[in-house]
Amino acid sequence: MKHTVLIIILISSLLVGCSASSGFTSKPKSIRVAQLPEKVDETSGLAHFNRFLWTHNDSGGQPELYGIDPDNGQLVKTVRVSNANNIDWEDLTQDDNFIYIADTGNNRGDRREFQIYKVAKRDILSPTEEVTAKLISFVFEKQPDNLKPYRHNYDIEALCMVDNQLMFFSKNWANNKTYLYQIDNGIAKRIKKYHTNGLVTGCTYDAKNRIMYLIGYHRYFWFNMRSPFVYTIENFNTKEEYKTKHLLKSIKGFQVEAIDQGNGQLFFTNEDNKYGKQALWTLSFD
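Numbering (the numbering used here), first residue to last: 123 to 408.
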């Protein structure tokens, strides 16, 4: 009996300690800013710079970036990437001088080579409506043959820049986890895994506070329902990571696709489906 009591006390202490170390003890609050234009009904990436949020459509869309006013969701500029194809654009990330477009979608598992388009910010902000990109190609270090559609772990929808290094989180249809990869010299090497219990569709990294935000959804195949979530990783890429999953219960059914930060806020978008039109949201942990 004494041993049982001691074990309970130890477990309780550990749980209290874990809760105290996290900055995300409150429930997430999502606020709808605006419906997005029909032109971005499959919004799939998000990057904030120079006052605007930039987004794009995914597979089959035009190879274009769309500048959105974060206050009202209105389209303010369209920029075409002249030397790019949109096989399946999935996310955006950035550094001080460039935007990176991830043409990496692989739901069906039939892609072996993936592309990232690197576009200069100064070109995007210039009066021109057309820009050119530098192409970065890569492959997985190890990718099996004959993957089954929607039943594999080699899909990519979340790209980020961490300490000047391109990384991505996989969208794991087979096991509902996500793997973190680092891209070096055209090879994507797996670093670690996270038990998200859902499909990761976007990410953004707060370098100042070393917090990684993942967004995604758990899909219930038997009635095609999606349960959106945000997954936070504090002290990211250290030995003292603290991970928390937050369900976005107020928008159950929505297909969330992208997340980014700007003006001291977190923004995310959902694409058009039967539960709601494409829209821009803010996210807070008050």
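Cβ coordinates follow ideal geometry from the N, Cα and C atoms, glycine included.
Please read these numbers as outputs of a predicted model, since none were measured by experiment.
- Query: Which whole runs of the beta strand (DSSP E) in the stretch 234 to 258 are 3 residues long or more, in chain order?
  - Reply: 236 to 242
Problem set entry | Start-to-end residues for the beta strand (DSSP E) that takes in N392 | Counting from 1 along the sequence shown, the entry for residue 392 is found at position 270. Counting along the chain, the beta strand (DSSP E) containing N392 begins and ends at Q387 to E393.
Going by DSSP in three states, L186 sits in which element: helix, strand or coil?
Residue 186 sits at position 64 when you count from the first residue of the sequence shown. Per the sequence presented here, residue 186 reads as Glu, with Leu not at that position. E186: strand per DSSP, three-state reduction.
Practice item. Would you mind stating whether F351 and L369 have Cβ atoms separated by less than 8 Å? Key: Translated into the one-based positions of the sequence shown, residue 351 becomes position 229. Translated into the one-based positions of the sequence shown, residue 369 becomes position 247. Cβ distance < 8 Å, so F351 and L369 count as in contact.
Mapping the DSSP letters down to three states, classify E160 as helix, strand or coil.
In the sequence shown, the residue the question calls residue 160 occupies position 38. Looking at E160 - three-state DSSP - the assignment turns out to be helix.
In this structure, how does DSSP classify I209 when only helix, strand and coil are distinguished? In the sequence shown, residue 209 corresponds to position 87, counting from 1. Coil at I209, not helix or strand.
Checklist line | CB contact flag (V378, I337, <8 Å) | finding: Here residue 378 refers to the residue found at position 256 when the sequence shown is read from its first residue. Here residue 337 refers to the residue found at position 215 when the sequence shown is read from its first residue. A contact, by the Cβ cut-off of 8 Å.
Quick check on the burial criterion: 16 or more other C-beta atoms within 10 angstroms. Buried or exposed for S248? The residue labelled residue 248 in the question sits at position 126 within the sequence shown. Label assigned to S248: exposed.
### Test item: CB-CB of H340 and G320 under 8 Å
On the sequence shown, position 218 is the one that residue 340 refers to. On the sequence shown, position 198 is the one that residue 320 refers to. For H340 and G320, yes; Cβs fall inside 8 Å.
Does DSSP put S372 in a helix, a strand or coil?
Mapped onto the sequence shown, residue 372 falls at position 250. S372 falls in the helix class under three-state DSSP.
* Length of the line joining the Cα atoms of N268 and Y276 -> Position 146 of the sequence shown, counting from 1, holds the residue named residue 268. Position 154 of the sequence shown, counting from 1, holds the residue named residue 276. Going by the C-alpha atoms only, they are around 12 Å apart.
Can you grab the Cα-Cα spacing for the pair T250 / P185, in whole Å?
-> Taking the sequence shown and counting its residues from 1, one reaches residue 250 at position 128. Taking the sequence shown and counting its residues from 1, one reaches residue 185 at position 63. Their Cα atoms are separated by approximately 15 Å.
**Request:** Would you list, in sequence order, the uninterrupted beta strand (DSSP E) runs of no fewer than 3 residues that lie entirely inside the stretch 275 to 356?
**Result:** 277 to 284, 287 to 293, 300 to 306, 309 to 316, 321 to 328, 333 to 342 and 347 to 356
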